[in-house]
Amino acid sequence: MKQSPDFEKREEMTYPIVVYGHPLLRKVAEDIDEDYPDLQQIIADMFETMYNSEGMGLAAPQIGKSIRLFIIDANPVAEDEPSLAGFKKVFINPHITEKKGEPELMSEGCLSIPNIREEVNREYHISCLLYTSDAADE
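Quick note: to get our numbering, add 928 to the position in the sequence shown (first position is 1).
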(Lines of atoms letter the chains of each structure in order from A and count residues from 1; the text may use other names and numbers.)
(Lines give C-alpha, C1' and ligand atoms only; values in the text may rest on other atoms or scores of the structure.)
Protein backbone atom coordinates (compact mmCIF):
# COMPACT_ATOMS: atom_id res chain seq x y z
CA MET A 1 0.00 0.00 0.00
CA LYS A 2 1.35 3.38 -0.94
CA GLN A 3 2.35 6.11 1.45
CA SER A 4 2.15 9.80 0.72
CA PRO A 5 5.35 11.22 -0.84
CA ASP A 6 6.31 13.05 2.36
CA PHE A 7 5.77 9.96 4.52
CA GLU A 8 8.62 9.13 6.85
CA LYS A 9 8.51 6.15 9.18
CA ARG A 10 7.86 7.48 12.62
CA GLU A 11 6.98 6.07 15.97
CA GLU A 12 3.37 5.09 16.46
CA MET A 13 1.17 7.71 18.03
CA THR A 14 -1.85 7.40 20.23
CA TYR A 15 -5.02 9.12 19.05
CA PRO A 16 -7.67 10.45 21.43
CA ILE A 17 -10.80 8.27 21.41
CA VAL A 18 -13.98 9.92 20.08
CA VAL A 19 -16.66 9.38 22.72
CA TYR A 20 -20.32 8.45 22.48
CA GLY A 21 -22.51 11.32 21.35
CA HIS A 22 -20.08 12.68 18.77
CA PRO A 23 -21.82 12.95 15.36
CA LEU A 24 -18.90 11.25 13.58
CA LEU A 25 -19.87 7.97 15.26
CA ARG A 26 -23.31 8.08 13.60
CA LYS A 27 -22.04 9.00 10.13
CA VAL A 28 -21.67 6.29 7.47
CA ALA A 29 -17.93 5.98 6.92
CA GLU A 30 -16.38 6.18 3.45
CA ASP A 31 -14.79 3.30 1.55
CA ILE A 32 -11.07 3.73 0.90
CA ASP A 33 -8.65 2.22 -1.58
CA GLU A 34 -5.13 0.86 -1.25
CA ASP A 35 -3.70 4.31 -2.07
CA TYR A 36 -5.30 5.98 0.95
CA PRO A 37 -2.64 8.35 2.35
CA ASP A 38 -0.48 6.86 5.11
CA LEU A 39 -2.77 3.84 5.52
CA GLN A 40 -0.10 1.60 7.06
CA GLN A 41 0.83 4.29 9.59
CA ILE A 42 -2.83 4.86 10.49
CA ILE A 43 -3.22 1.12 11.09
CA ALA A 44 -0.09 1.03 13.28
CA ASP A 45 -1.35 4.07 15.20
CA MET A 46 -4.75 2.44 15.66
CA PHE A 47 -3.16 -0.66 17.21
CA GLU A 48 -1.06 1.57 19.50
CA THR A 49 -4.17 3.54 20.50
CA MET A 50 -6.18 0.37 21.10
CA TYR A 51 -3.47 -1.25 23.24
CA ASN A 52 -2.95 1.94 25.28
CA SER A 53 -6.71 2.04 25.88
CA GLU A 54 -6.79 -1.67 26.85
CA GLY A 55 -9.21 -2.50 24.03
CA MET A 56 -9.60 -5.49 21.72
CA GLY A 57 -11.01 -3.62 18.72
CA LEU A 58 -11.05 -0.15 17.30
CA ALA A 59 -12.75 1.47 14.31
CA ALA A 60 -11.32 4.45 12.45
CA PRO A 61 -14.30 6.71 13.32
CA GLN A 62 -13.35 6.20 16.98
CA ILE A 63 -10.11 8.08 16.26
CA GLY A 64 -11.83 10.78 14.22
CA LYS A 65 -11.39 9.29 10.73
CA SER A 66 -14.62 8.63 8.83
CA ILE A 67 -13.26 5.70 6.82
CA ARG A 68 -14.29 2.03 6.70
CA LEU A 69 -11.43 0.50 8.64
CA PHE A 70 -11.34 -1.44 11.88
CA ILE A 71 -8.84 -3.60 13.73
CA ILE A 72 -9.16 -6.49 16.17
CA ASP A 73 -6.70 -8.30 18.41
CA ALA A 74 -8.55 -11.07 20.25
CA ASN A 75 -5.46 -12.48 22.00
CA PRO A 76 -6.49 -11.04 25.40
CA VAL A 77 -9.42 -13.51 25.54
CA ALA A 78 -7.56 -16.50 24.07
CA GLU A 79 -7.23 -18.16 27.48
CA ASP A 80 -11.05 -18.33 27.78
CA GLU A 81 -11.64 -18.78 24.01
CA PRO A 82 -8.69 -20.80 22.61
CA SER A 83 -10.06 -20.52 19.05
CA LEU A 84 -9.23 -16.78 19.18
CA ALA A 85 -5.51 -17.27 19.87
CA GLY A 86 -3.54 -15.41 17.24
CA PHE A 87 -6.61 -13.61 15.87
CA LYS A 88 -5.21 -10.18 15.00
CA LYS A 89 -6.72 -8.62 11.88
CA VAL A 90 -7.23 -5.43 9.90
CA PHE A 91 -10.55 -5.00 8.09
CA ILE A 92 -10.74 -2.52 5.20
CA ASN A 93 -14.08 -1.53 3.66
CA PRO A 94 -16.17 -4.15 5.47
CA HIS A 95 -19.78 -4.45 4.33
CA ILE A 96 -22.06 -6.98 6.05
CA THR A 97 -23.63 -9.19 3.40
CA GLU A 98 -25.44 -11.71 5.61
CA LYS A 99 -26.42 -12.33 9.22
CA LYS A 100 -27.26 -15.88 10.33
CA GLY A 101 -28.52 -17.53 13.45
CA GLU A 102 -30.50 -16.41 16.41
CA PRO A 103 -29.09 -13.36 18.16
CA GLU A 104 -27.15 -14.20 21.30
CA LEU A 105 -26.36 -12.05 24.31
CA MET A 106 -22.67 -11.17 24.40
CA SER A 107 -20.87 -9.06 26.96
CA GLU A 108 -19.22 -6.12 25.21
CA GLY A 109 -17.34 -2.98 26.00
CA CYS A 110 -16.64 -0.02 23.75
CA LEU A 111 -13.73 2.40 23.93
CA SER A 112 -16.11 5.21 22.94
CA ILE A 113 -18.23 4.45 26.03
CA PRO A 114 -15.47 4.10 28.62
CA ASN A 115 -15.73 1.90 31.70
CA ILE A 116 -19.09 0.35 30.76
CA ARG A 117 -19.78 -3.23 29.75
CA GLU A 118 -23.21 -4.37 28.62
CA GLU A 119 -24.99 -7.43 27.32
CA VAL A 120 -25.72 -6.88 23.61
CA ASN A 121 -27.74 -9.08 21.23
CA ARG A 122 -25.57 -10.07 18.24
CA GLU A 123 -26.04 -12.59 15.46
CA TYR A 124 -23.61 -15.44 15.99
CA HIS A 125 -22.48 -15.57 12.34
CA ILE A 126 -22.05 -12.71 9.89
CA SER A 127 -20.54 -12.62 6.42
CA CYS A 128 -18.67 -9.57 5.20
CA LEU A 129 -17.27 -8.43 1.93
CA LEU A 130 -14.01 -6.58 2.58
CA TYR A 131 -10.76 -5.51 1.05
CA THR A 132 -7.50 -7.25 1.83
CA SER A 133 -4.11 -6.61 0.33
CA ASP A 134 -4.62 -9.50 -2.12
CA ALA A 135 -8.28 -9.28 -3.24
CA ALA A 136 -11.84 -8.93 -2.02
CA ASP A 137 -12.61 -11.80 0.34
CA GLU A 138 -15.79 -12.97 1.98
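A virtual CB, placed ideally from N, CA and C, is assigned to each residue, including glycine.
Discussion item. Whole angstroms are fine: how far does the CA of GLY1029 sit from the CA of GLU962?
Written reply: Taking the straight line joining both Cα atoms gives about 33 Å.
Worksheet item: If you run the structure through DSSP and keep just helix, strand and coil, what is GLU1036?
Response: In the structure shown, GLU1036 sits in a strand (DSSP, three-state: E or B).
Worksheet item: Where are the beta strand (DSSP E) runs, 3 residues long or more, that stay fully inside the stretch 959 to 992, in chain order?
Response: Those beta strand (DSSP E) runs which fall completely within the stretch 959 to 992 and span 3+ residues are 985 to 987.
Worksheet entry | Rounded separation between ALA988 and VAL1005 - CA only | ALA988 and VAL1005 have their C-alpha atoms some 22 Å from each other.
Discussion item. Quick check: the Cα distance between ALA972 and PHE998, rounded to an integer number of angstroms?
Written reply: In a straight line, the C-alpha of ALA972 is about 12 Å away from that of PHE998.
Discussion item. Relative to the C-alpha of MET978, which candidate in ILE1000, ARG954 and GLY949 has its C-alpha closest?
Written reply: When each option's Cα is compared against that of MET978, the closest is ILE1000.
Item to complete: Could you pull the start and end residues of the beta strand (DSSP E) that PRO1022 belongs to?
Response: That run of the beta strand (DSSP E) goes 1016 to 1028.
Worksheet item: Hey, would you say THR942 sits closer than 8 Å to GLU976, going by beta carbons?
Response: Yes.
Discussion item. Assuming contact is defined by CB atoms lying nearer than 8 Å, are GLU1036 and ILE1054 in contact in what I supplied?
Written reply: Not closer than 8 Å, so no.
Discussion item. Applying the 10 Å Cβ sphere with the 16-neighbour rule, what's the burial state of TYR948?
Written reply: TYR948 should be labelled exposed.
Discussion item. Tell me which residue opens and which closes the beta strand (DSSP E) that LEU997 is part of.
Written reply: Segment 997 to 1001, the beta strand (DSSP E) holding LEU997.
Item to complete: Counting only the same chain and skipping the five closest in sequence on each side, list residues whose C-beta sits under 6 Å from that of PHE1019.
Response: Annotation for PHE1019: PHE998 and LEU1058 place their beta carbon closer than 6 Å to its own, counting only its chain and skipping 5 residues before and after.
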